[in-house]
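Residue numbers (this note's numbering), protein chains in the order written: chain S, 1002 to 1269; chain E, 1002 to 1269; chain H, 171 to 493; chain B, 171 to 493.
In this text, a Cβ means the ideal position worked out from N, Cα and C, and glycines have one as well.
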Amino acid sequence: MARTVEFTDTEFMIAQGARLLEDGKTFFVGWGIPQIVAILAQKLYVPNVVQLFEFGAVGPQSVLPFVRGTMGGPQNTYRSLQWLNMNWAFSYSASGYMDYGMLGALQVDPYGNINSTYLGGTFEKPERRFAGSGGGNQVASHCWRTVIIIKHEGRRFVPKVEFVTSPGYLTGPGAREKAGLPKNTGPYRVVTSKALFGFDESTRQMTLLSVLRGLSPEGVVADMAFRPIVPKDVGEIHPPTADELRLLREEIDPSRIIIKGEMMSASA
Amino acid sequence: MARTVEFTDTEFMIAQGARLLEDGKTFFVGWGIPQIVAILAQKLYVPNVVQLFEFGAVGPQSVLPFVRGTMGGPQNTYRSLQWLNMNWAFSYSASGYMDYGMLGALQVDPYGNINSTYLGGTFEKPERRFAGSGGGNQVASHCWRTVIIIKHEGRRFVPKVEFVTSPGYLTGPGAREKAGLPKNTGPYRVVTSKALFGFDESTRQMTLLSVLRGLSPEGVVADMAFRPIVPKDVGEIHPPTADELRLLREEIDPSRIIIKGEMMSASA
Amino acid sequence: MSRIRREGKVEFRFEHPDEFREFVRESKSRKPTDKLCAASDAVSRLVKDGDYIVYDFSSLTRGPQALIREVIRQRRKDLWIGAEFTLHESALLVGAGCASRIDVGFLGYGNYIGQAVCDGRVKVYEWTNGGLALRILAGARGVPFLPTRDLLGSDNLAVSAAKVIKDPYTGTPVCLVPALNPDVAFIHVHQADVYGDARIFGTNLFALEAAMASHRVIVSAEEIVAPDEFRKDPMRTTIPYFLVDAVVHAPFGAYPGAMPARYEIDLEHVDRLNAIRSEEQMRNYLHENVYGVADHEEFLDKRVGAARMKELRSRATIIEGYR
Amino acid sequence: MSRIRREGKVEFRFEHPDEFREFVRESKSRKPTDKLCAASDAVSRLVKDGDYIVYDFSSLTRGPQALIREVIRQRRKDLWIGAEFTLHESALLVGAGCASRIDVGFLGYGNYIGQAVCDGRVKVYEWTNGGLALRILAGARGVPFLPTRDLLGSDNLAVSAAKVIKDPYTGTPVCLVPALNPDVAFIHVHQADVYGDARIFGTNLFALEAAMASHRVIVSAEEIVAPDEFRKDPMRTTIPYFLVDAVVHAPFGAYPGAMPARYEIDLEHVDRLNAIRSEEQMRNYLHENVYGVADHEEFLDKRVGAARMKELRSRATIIEGYR
């Protein structure tokens, strides 16, 4: 009988994110979880990925363990190819050199629009205020493929985000181009703590691609505040591998401050 | 009786230019003669002038002797405060940090408009083609005070330049502002091999300020293709001093390749 | 004052490039004079109530924390903060009643600042990090705006004064952001001389842009070096002296953040900042670390201590590339 | 082809930022592969008839002269040159029948090139140095244009495709210049690795902008160093490898110009270039120095010589700051 693996929802999201990247491509890394994804991916799967940080670190190879909270520190920007500034960093993405971008989100809608600004109330008088765009708007606007990482809680998947912090497909096919955003860009995948979503070519709507081993597609989409497209064939995502977990727990975040979260399990 | 000094027209123009600068100000240096003016001025009169070269040398202190033909070489950019690039250099001038700019010219008109592009024919099919703007247009557009250096030949002073390479007061008072050029900028002085001109506050027209010792105002303006304003009081410019000539001939340009020209004389 | 414009519900800081140029002509000296002074002196002379301030980098990395604490100590009012990473500085400035508006950027972190926004104690405008950096670049380049192909399609457009025009070359929509010329820029650097020439090692947000675009520039430096050092190594100069109005010698000036290759971040102190939620906690923190000490030096002596500083220095083991 | 637009009498090179982005996505590899090759190979693979080429710096200082001579040797046709300092390179490229259009810049010097313009053998468009640098920056930033407050009021406006619009923030006229995305950029550097990471010491015109904005980038380097050198000193990297398509090891690649801190300018050779007036003089010069030698190495051996190179190296006494 299959062995059971235990892991946190965060660890699962990080592992999924890391598996999405291609080697020899560029990766615009957002603050927080995406930093861990980049480190894990580069160690395990894509040694030649070129990371870009918005404040001008090109091609950093972080020192381990990861120092929480920081992004501009010597550990994070260690052995970069080039150190520049923010306007240069966004020039790389604006002129098409950035293949992947990865962002967290508070809320996401069927078109992959991201809200990371506020929840409830109005912009002027929100009920809860969060960090907002940072460079997220630029990443989602410029990168060829934007990957969204979000905890799988129904209330986070809404028919319409309260505030479009970073653009997805906006109102649907052609809307990005109409708004003047660079052609052929947009959200590529949504990584959650239960599943992986893509976007339908024709409708630009979120589509379930695969779910964590042991979960049912219907169970996964049941509590989402909008219903994504659920095709007949939905794939299976294996849980974090021993290598992924060992690296995360022993080398990248031994203090377990970033990778902590709700415990989950699945058969290996 | 007064001793007679002999010097070239070039030496006289360089000496005049050097005497115009203020210490502790910034100076956007054009290619050629203005480089020599800057060196002479910094050695003799304005030790704390900050030179700027368009390709990004901020505050260079040239090594002597001057290496003809070069501007970006190690001798010219020696002991700079900062080495940047062209877009940064023009940012310093565009945002108001450059007090003086100095440019040569083929032709100049009563409003101080500069032609350094072509003579005769049309732009598409000129009779004689020259270097054109280089960064001259930016210098004349951005610097607070632009100084024009031009050999005193009547044909160079025309009622209307054939091509406005670098803007003077264009068509007169208010024309620069109307065109969108930065406020309160424009030509400040015209240094020639016989005289020094300024610009009338109300008409923006070229005005004779002073002439080389021994020359008469009327003699100086006689062969100019337009008649500048000639006020009652016209000053006298003393010829190059012994210090100016010694520096130019022994330290800055011992090969006499840049300072050569028509011999002139005046009483010391 | 005339440097504040309004566009719908949005107030934004703007002045005609000609006004800024005039200021630069009249008020920014090109003379190399000794500008070394105490933080208290620099802040009292150069920071006024209602000023718009920017800084480089953040409270976690090479931020001008000693200068921020001095601003709080001098109880400036109604400041408008524009910075990519408005982290703990913004919480402290708002908590101390110094700041009433923030252009973001990234508004983080700890719950205090988010709550302050919800309570309406501070107004926030959204420009995004790219938009703010571009506004400052426009201010430095002496142009009224710069174009960009982001912000488009997002709701940030509606809560900023960015405009969308039709590009005359392609006919497609392009976003314009207005130039930003702050009143004051705080920039913490590795090395400076007494005239204001300054060097940063590592990445920066917009150090040169901000110095060029700002009316007044205060540089705080870990180390004061001889002016000749800059002329011997011009590629290493981040900011030339004639952009700078005051130089403050502030070792550990980025504390509790890290100064790359000099000392590491004090995570325990940062956690105390992150933990601030109530006004009482804020008052206590400010009293202990700002009001309760005369200056940065007393803060280091009484609240940090030589042993701690020694330890943080010893943790800064990565020096490769920082020179 | 579609990358050439027309505005009145003026032809200008322009493509929609989306077209350039698509090219970057499809054709610019981000993989670190060994790109070291001979100049002849780089030019034959990457430079085509009709291409628009830019270079950094000039024929007097750190210019890619070995690459320019190789382009002439391979008899490329109908090239369009865009460079700040179109000095001897432009004279040689026009004299050899390789170039038919020049965007200036500074069109100097020696009488040959001026005469060629008068004879209509080469078309010239005026953008000015600031305008060209800004066009390349726009190309690098992925925007269709950038604004500037020069060119205004001058006749250069009429012989370029710059446009004047009313700034929506101030209501005053502002000049826009269109983005430039050249086909090929030639950049001569002090050090490069085999992947294309490159370092320039001293000032540059627009090395990073041009590398970012160009479809194909050829770096020629005085010295090939280990890739690890760049990661040990990231502040010193001018161009990262993924912008570069070919790396040519070309010691004395800037000859007869100077390579700062490596060798001095050969003024005698430059004077021979300046003296060229007639077609016959041009033919003789090209035959002797370009067609008559197989490659850069043979040129150095037979036309310059070890003794001369040794002397020029010994004259490069100023090394301070060039590291």
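Could you give the residue range of the beta strand (DSSP E) that holds Gly-265 of chain B?
Looking at the DSSP string, Gly-265 of chain B is not in any beta strand (DSSP E); the run it does join, the alpha helix (DSSP H), is 258-265.
Report the residues of the segment 302-313 of chain H with a CB closer than 9 Å to any CB of chain E, ordered along the chain.
Correct list: Leu-307, Gly-309, Ala-310, Arg-311, Gly-312 and Val-313.
Determine the closest residue to Glu-1125 of chain S out of S:Glu-1163, S:Gln-1052, S:Ala-1141 and S:Ser-1194, with distance taken between C-alpha atoms.
Ranking S:Glu-1163, S:Gln-1052, S:Ala-1141 and S:Ser-1194 by Cα distance to Glu-1125 of chain S puts S:Glu-1163 first.
What does Ser-324 of chain B touch in chain E if you count any residue whose Cβ is under 7 Å from its own?
The contact set of Ser-324 of chain B on chain E, defined by CB atoms closer than 7 Å, consists of Asn-1138, Val-1165, Thr-1166, Ser-1167 and Pro-1168 in chain order.
Taking 8 Å as the threshold (C-beta atoms), are Gly-1031 of chain E and Ala-1137 of chain E in contact?
Looking at the sequence shown, residue 1137 of chain E is not Ala but Gly. Contact check for Gly-1137 of chain E against Gly-1031 of chain E passes: the beta carbons are separated by less than 8 Å.
Does DSSP put Glu-1007 of chain S in a helix, a strand or coil?
Three-state result, Glu-1007 of chain S: strand.
Does the separation of the CB atoms of Val-329 of chain H and Val-180 of chain H fall below 8 Å?
Inclusion of Val-329 of chain H and Val-180 of chain H in the CB contact set at 8 Å is warranted, their separation being smaller than that value.
Nonlocal neighbours in the same chain, by C-beta distance under 8 Å from Ala-476 of chain B, ignoring five residues either side
Counting only Cβ-Cβ distances below 8 Å, and skipping sequence neighbours, we find nothing.
What residue range is occupied by the uninterrupted beta strand (DSSP E) comprising Phe-315 of chain H?
It spans 315-318 - the beta strand (DSSP E) in which Phe-315 of chain H sits, taken as one unbroken run.
Is it a yes or a no for the segment 306-318 of chain B touching the segment 1147-1159 of chain E, going by three-plus beta-carbon pairs under 8 Å?
No contact exists between the segment 306-318 of chain B and the segment 1147-1159 of chain E.
Does any residue of chain B have a CB that is nearer than 8 Å to the CB of Trp-1084 of chain E?
It does; some Cβ of chain B falls within 8 Å.
At which residue ranges does the segment 1146-1199 of chain S contain complete alpha helix (DSSP H) runs of 4 or more residues, listed in the order of the chain?
Listed in chain order, the complete alpha helix (DSSP H) runs (minimum 4 residues) inside the segment 1146-1199 of chain S are 1176-1180.
At the level of alpha carbons, what is the spacing between His-1143 of chain E and Glu-392 of chain B?
So the alpha carbons of these two residues sit roughly 37 Å apart.
As a quick exercise: from E:Gln-1206, E:Arg-1069 and E:Tyr-1189, pick the residue whose alpha carbon is nearest that of Tyr-1112 of chain E.
Distances from the alpha-carbon of Tyr-1112 of chain E to those of E:Gln-1206, E:Arg-1069 and E:Tyr-1189 put E:Gln-1206 closest.
Of the choices E:Phe-1008, E:Met-1072, E:Phe-1198 and E:Thr-1011, whose alpha-carbon is the least far from that of Asp-1234 of chain E?
The shortest Cα separation from Asp-1234 of chain E among E:Phe-1008, E:Met-1072, E:Phe-1198 and E:Thr-1011 belongs to E:Phe-1198.
Run down chain E in chain order and give the residues with a C-beta less than 7 Å from the C-beta of Pro-410 of chain H.
Correct list: Val-1059, Gly-1060, Leu-1082 and Gln-1083.
Let me know if Met-171 of chain B comes out buried or exposed under the rule of 16 or more other beta-carbons within 10 Å of its beta-carbon.
Interpretation of Met-171 of chain B is limited by its pLDDT of 49, a score under 50 that renders its predicted location unreliable; no figure is taken from the coordinates.
At which residue ranges does the segment 1192-1258 of chain E contain complete alpha helix (DSSP H) runs of 4 or more residues, listed in the order of the chain?
Runs found: 1218-1223 and 1243-1247.
Helix, strand or coil at Leu-1120 of chain S according to DSSP, with G and I counted as helix
Strand.
Between which two residues does the alpha helix (DSSP H) containing Met-494 of chain B stretch?
Limits of chain B in this structure are 171 at one end and 493 at the other, which puts residue 494 of chain B out of reach.
Could you give the DSSP three-state label for Asp-204 of chain B: helix, strand or coil?
Three-state result, Asp-204 of chain B: coil.
Given this structure, state the Cα-to-Cα distance separating Ala-1226 of chain S from Asn-1114 of chain S, to the nearest angstrom.
A straight line joining the alpha-carbon of Ala-1226 of chain S with that of Asn-1114 of chain S spans about 15 Å.
8 Å Cβ cutoff, Phe-227 of chain H in contact with chain D
No chain D appears in the structure shown, which is made up of the protein chains S, E, H and B.
Is Leu-263 of chain B close to chain E? Criterion is C-beta to C-beta, closer than 8 Å.
By the rule that beta-carbons nearer than 8 Å mark a contact, Leu-263 of chain B does not touch chain E.
How would you write the range of the beta strand (DSSP E) that Lys-293 of chain B sits in, first residue to last?
Under the DSSP assignment, Lys-293 of chain B falls in the beta strand (DSSP E) whose first and last residues are 293-296.
I'd like the ranges of any beta strand (DSSP E) spanning at least 3 consecutive residues and lying wholly in the segment 336-402 of chain H.
Runs of the beta strand (DSSP E) inside the segment 336-402 of chain H: 343-348, 354-362 and 386-394.
Is Gly-1230 of chain E near Leu-1209 of chain E, with beta carbons less than 8 Å apart?
A quick correction: the sequence has Ile, not Gly, at residue 1230 of chain E. In contact: Ile-1230 of chain E and Leu-1209 of chain E (Cβ atoms closer than 8 Å).
Which value, in whole angstroms, describes the spacing of the CA atoms of Lys-1044 of chain S and His-360 of chain H?
Cα to Cα, the separation comes out at about 32 Å.
The alpha helix (DSSP H) with Ala-269 of chain H in it runs from where to where?
Looking at the DSSP string, Ala-269 of chain H is not in any alpha helix (DSSP H); the run it does join, the beta strand (DSSP E), is 269-274.
Along the segment 1093-1116 of chain E, what residues have a CB closer than 9 Å to any CB found in chain H?
The segment 1093-1116 of chain E vs chain H, Cβ under 9 Å: Tyr-1093, Ser-1094, Ala-1095, Ser-1096, Gly-1097, Tyr-1098 and Asp-1100.
Check the Cβ of Ala-428 of chain H against every Cβ in chain S and list those closer than 8 Å, keeping chain order.
Scanning chain S for C-beta atoms nearer than 8 Å to the C-beta of Ala-428 of chain H yields Thr-1071, Gly-1074 and Pro-1075, reported in chain order.
Check whether the Cβ of Ala-1243 of chain E lies closer than 8 Å to any Cβ atom in chain B.
When Cβ-Cβ separations below 8 Å define contact, Ala-1243 of chain E makes no contact with chain B.
For Val-439 of chain B, does the three-state DSSP call read helix, strand or coil?
It should be pointed out that residue 439 of chain B corresponds to His in this sequence rather than to Val. Three-state DSSP puts His-439 of chain B in a helix.
Residue from S:Trp-1089, S:Leu-1248, S:Val-1165 and S:Gly-1102 whose Cα sits closest to the Cα of Asn-326 of chain H:
Cα-wise, what sits closest to Asn-326 of chain H is S:Val-1165.
Cβ of Pro-1241 of chain E within 8 Å of Cβ of Phe-1013 of chain E?
At the C-beta level, Pro-1241 of chain E and Phe-1013 of chain E come within 8 Å of one another.
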